[in-house]
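Remarks on the structure that follows.
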Amino acid sequence: MALIRGFIAASLDGCVADADGGVQWLAPFRKVDPGYGAFIDDVGTVVMGRRTYDLIPSLGTGWPYAGKRGFVVTSRRGDPVQRGVKFWREGVPDLIERLRELDDGDAWVVGGAGLLAAFAEEGALDRLSLLIAPVLLGEGLRLFPERTGAPRGLVLRGTAALAMGVVRLDYELPPVRPGRGRGRAAGSQGVAEV
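Numbers 4 to 197, taken from this note's numbering, label the letters of the sequence shown in order.
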């Protein structure tokens, strides 16, 4: 059974993108080694929202997930242009079930933040590696949007002080107890596209 994991960078004030949806503010930290190589070696499947998928060509790096199965969560029509990628329109709960059936590596919810939050709200995010960059954006897309429901506790499993003041925090998300911690996403069959 695959673990479902997050590995994402945020500003010190909790934003994963600036007010325009850009991540250029992360450019000064590109040379920082957050342990991505070891992380991606354990990943067999990448999951992302349609906006994240559509953003990748603008990064000028080509498809960064060669050899990985991919799911793009979307409600829009179209077909993926990358080999091994499927557009998923059946909703997050069904995708979680599908990912749990995999046995060839972990599943990484690449982004965006809304999709990562949807997995967490469903109680399906098992691990989260959070890279905190020493930048205050002031405004932008929050890592986790406002939510309702009971607070959700995380268990800190590791920390690392990296170059340039970047910090990596590794969390485990305990299973959600029935009727608790599902916030706005409770019972949601919708498709998150972030």
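Think of the CB as a built atom: it goes at the ideal place given N, C-alpha and C, for glycine as much as any other residue.
Distance from the Cα of L128 is smallest, within the candidate group W111, A166 and Q27, for W111. Take the alpha-carbon of P177 and the one of E125: they are about 12 Å apart. Between the stretch 148-165 and the stretch 45-55 there are fewer than three C-beta pairs closer than 8 Å, too few to call the two in contact.
For R54, the enclosing alpha helix (DSSP H) begins and ends at R53 to L58. With fewer than 16 other Cβ atoms inside 10 Å of its own Cβ, L15 counts as exposed.
Here D173 carries a strand assignment [DSSP, helix/strand/coil]. The shortest CA-to-CA distance from L134 to any of A13, G52 and T64 is the one to A13. In the three-state scheme derived from DSSP, where H, G and I count as helix and E and B as strand, W28 is classed as helix.
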